[in-house]
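Notes follow the structure.
Protein chains: 2
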Amino acid sequence: MAEHECVQLVPIFSELGSEQLDTIESIVRHHHYPAGSTLFGADDPLDSLMIVANGQVKVYQLAANGREQLLYLLQTGDIDGEAALFENQRRTSFGEALVPTDVCSIRRSDFQDLMQKYPSISINVLNVFGKRLNQLERQTTSTATESVEARLANYITETAAALKTDTFKLPLKKKDLATFLGTTPESISRKLALFERQGLITQKPGKVIEINDADQLLLTE
Amino acid sequence: MAEHECVQLVPIFSELGSEQLDTIESIVRHHHYPAGSTLFGADDPLDSLMIVANGQVKVYQLAANGREQLLYLLQTGDIDGEAALFENQRRTSFGEALVPTDVCSIRRSDFQDLMQKYPSISINVLNVFGKRLNQLERQTTSTATESVEARLANYITETAAALKTDTFKLPLKKKDLATFLGTTPESISRKLALFERQGLITQKPGKVIEINDADQLLLTE
DNA sequence: TGAATTTCTTGACGGCCGTCAAGTTCTGAT
DNA sequence: ATCAGAACTTGACGGCCGTCAAGAAATTCA
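Protein chains in written order, with UniProt numbering: chain S, 1 to 221; chain L, 1 to 221.
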């Protein structure tokens, strides 16, 4: 592992100098998780901020009725554990490594010291939270007001736009995609088949999708 | 108006001294809105943080299909405009005064200067955002996985718990409550009538509800 | 590569809940 | 207090989509 390995590539520390990164590196703890393993559970004490140094992490929340909701798909450089920043809070979500994943964690009190010392960190974290808030606001509105068909169409076009390509592989299994969109794997299969019959997309083996008519997809209600 | 009028009562400035509050007071702009008026629209340039000095504000988001989603009910001391903190962002929500409301606003650049100067502000804002993130995560999970019946039962018990009383007045019209819970006024009427038939609650004139069996309400699926 | 397991697809069915409509109650301004 | 308009309630109806089931396809691991 290189020096500053995980600390260096994290956007929230982007404005710090090499010396300050050394300080931080001495504080963080490193972990490695194999694919499919659980990083933290819904009942774990919530006292650390987590940084994804390498890999992908699914973050789920458990509803009262036992159903799971996929909230975030964390990529390298993403952070989780915002609730760790204030006291007396219990974690209500759990995380699972999608691929072999390296994680750094910083204890709450240490991170609070860091933010006091380097205000740029707080501001960077604020930006991350602000973006996440926006994303969640849109997701809430979307699941509450739009049909499964519209949500799926949106997801496809947004994913394609993010990847800047019309042909891409779905990054999630249908079951995960279903809990993310607030529906079921069966409904996703059906709606994709419908889009294909309408000529809007083409499905290829290996969860690969090609978009034929993005404009029309967005008009889906 | 007293000195520091709006600035003083806002939690995010709680750790500042009188002199620093003077500085802030000189930066903020004051506004007053009569009940029912629009504070900001979905297309307004998004360059200020808003502080509710007195009153109540409904914050809606507009879905692609034209439907409205009530996201927050801001009270005195609450803030809005997190997205104002980073650039190149357009507002996608709009706010409406529920009662006559006083608001202070701070321009983005001014607020960023403040956070650099007084790190405690950033940390307070982080706490606010963290709580809001948690709330939104639960709301997303709830609308995506639970029935209207369960969501309404939850809302009732949570509101009662927050007010520490079994008898309370619904703070919103059924139409607003409906968009908040991701359903319709008709469904709310029906479910409340159902709860009453089951003996779980008693409805009284003036949107007042008395909870008879909170435990059973929470078991609603 | 081949077999076992997981994931996916498609059909049939039913229930939840959104929509429309009409009547009733509530509210607030005069 | 009265009245106009808004908000609410209740019924009837229908469609979306979740559930269950069974077979097909894909992925994993030896």
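Ideal Cβ placement from N, Cα and C applies to all residues, glycine included. Remember, it's a predicted structure, so these values are computed and weren't measured experimentally.
Drop a sphere of 10 angstroms on the beta-carbon of residue i, count the other beta-carbons inside from all chains shown, and report buried for 16 or more, exposed for fewer.
| i | result |
| --- | --- |
| S:Ser109 | exposed |
| L:Asn65 | exposed |
| L:Ala42 | exposed |
| S:Glu82 | buried |
| S:Gln75 | exposed |
| L:Gln198 | exposed |
| L:Glu15 | exposed |
| L:Glu186 | exposed |
| S:Arg90 | exposed |
| L:Ala2 | Because L:Ala2 carries a pLDDT of 45, less than 50, the predicted location of this residue cannot be relied on, and no value is offered for it. |
| L:Pro205 | exposed |
| L:Pro45 | exposed |
| S:Pro119 | buried |
| S:Thr183 | buried |
| L:Asp213 | exposed |
| S:Gln69 | buried |
| L:Gly130 | buried |
| S:Asp176 | buried |
| L:Asp78 | buried |
| L:Ala35 | exposed |
| L:Asp22 | exposed |
The beta strand (DSSP E) that contains residue i, what's its start and end?
| i | result |
| --- | --- |
| S:Gly95 | 93-97 |
| L:Phe40 | 38-40 |
| S:Leu49 | 48-54 |
| S:Thr167 | 167-169 |
| S:Gln203 | 201-204 |
| L:Val208 | 208-211 |
Am I right that residue i and residue j are in contact with their C-beta atoms under 8 Å? What's the rounded C-beta distance?
| i | j | result |
| --- | --- | --- |
| L:Ala178 | L:Thr220 | Actually they are not in contact, since the Cβ atoms of L:Ala178 and L:Thr220 sit about 18 Å apart, beyond 8 Å. |
| L:Phe168 | L:Ile209 | 6 Å |
| L:Val99 | L:Gly55 | 5 Å |
| L:Leu192 | L:Tyr155 | Actually they do not touch by this definition, with Cβ atoms about 11 Å apart. |
| S:Thr145 | L:Ala63 | 4 Å |
| L:Leu200 | L:Gln216 | 6 Å |
| L:Ile57 | L:Thr101 | Looking at the sequence itself, residue 57 of chain L is Val, so the reference to Ile does not match. At roughly 6 Å, the Cβ-Cβ gap stays under 8 Å, so L:Val57 and L:Thr101 are in contact. |
| L:Leu136 | S:Leu136 | 4 Å |
| L:Leu133 | S:Leu133 | 6 Å |
Go to residue i, then tell me how far its alpha helix (DSSP H) extends in each direction, as first and last residue.
| i | result |
| --- | --- |
| S:Val57 | Looking at the DSSP string, S:Val57 is not in any alpha helix (DSSP H); the run it does join, the beta strand (DSSP E), is 57-62. |
| L:Val125 | 119-145 |
| L:Ile24 | 18-27 |
| L:Asn65 | Run containing L:Asn65: none; DSSP gives neither H nor E here. |
| L:Gln216 | 214-218 |
| L:Arg197 | 185-197 |
| S:Asp102 | Note, S:Asp102: premise wrong, no alpha helix (DSSP H); beta strand (DSSP E) at 101-107. |
| S:Glu149 | 148-163 |
| L:Lys175 | 174-181 |
What does residue i touch in chain S if you count any residue whose Cβ is under 9 Å from its own?
| i | result |
| --- | --- |
| L:Arg67 | Thr141, Ala144, Thr145, Glu146 |
| L:Met115 | Pro119, Ser122, Ile123, Leu126 |
| L:Leu133 | Glu82, Ala83, Phe129, Arg132, Leu133, Leu136 |
| L:Ala161 | Within 9 Å Cβ-Cβ: nothing; L:Ala161 doesn't reach chain S, min ~15 Å. |
Note down, in chain order, every chain S residue with its Cβ under 7 Å from the Cβ of residue i.
| i | result |
| --- | --- |
| L:Val125 | Leu126 |
| L:Glu221 | Asn65 |
| L:Gly77 | Here the premise fails: no neighbours, minimum Cβ distance about 17 Å. |
Determine the chain L residues that contact residue i at a beta-carbon separation under 7 Å, and present them in chain order.
| i | result |
| --- | --- |
| S:Gln61 | Glu137, Thr141 |
| residue 233 of chain S | Residue 233 of chain S falls outside the range modelled here, since chain S spans only 1 to 221, and no answer is possible. |
| S:Gly95 | The contacting residues do not exist; S:Gly95 stays about 13 Å from chain L at best. |
Quick one: list the residues of chain L neighbouring residue i, beta-carbon separation under 9 Å, in chain order.
| i | result |
| --- | --- |
| S:Gly130 | Glu82, Ala83, Ala84, Leu85, Phe86, Gln89, Phe129 |
| S:Leu71 | Glu137, Thr140, Thr141 |
For residue i, go through chain L and note every residue whose CB falls closer than 8 Å to its CB, in chain order.
| i | result |
| --- | --- |
| S:Ala150 | Ala64, Asn65 |
| S:Gly41 | Chain L residues near S:Gly41: none, gap ~16 Å exceeds 8 Å. |
For this session: Determine, using beta-carbon pairs with one atom in the region 137-144 of chain S and one in the region 88-98 of chain S, whether at least three such pairs fall under 8 Å.
Result: no
Problem set entry | Cβ contact (3+ pairs, closer than 8 Å) linking the region 152-167 of chain S and the region 117-133 of chain S | no
Exercise. Is it true that the region 38-53 of chain S meets the region 5-20 of chain S, where meeting means three or more beta-carbon pairs spaced less than 8 Å apart?
Worked result: yes
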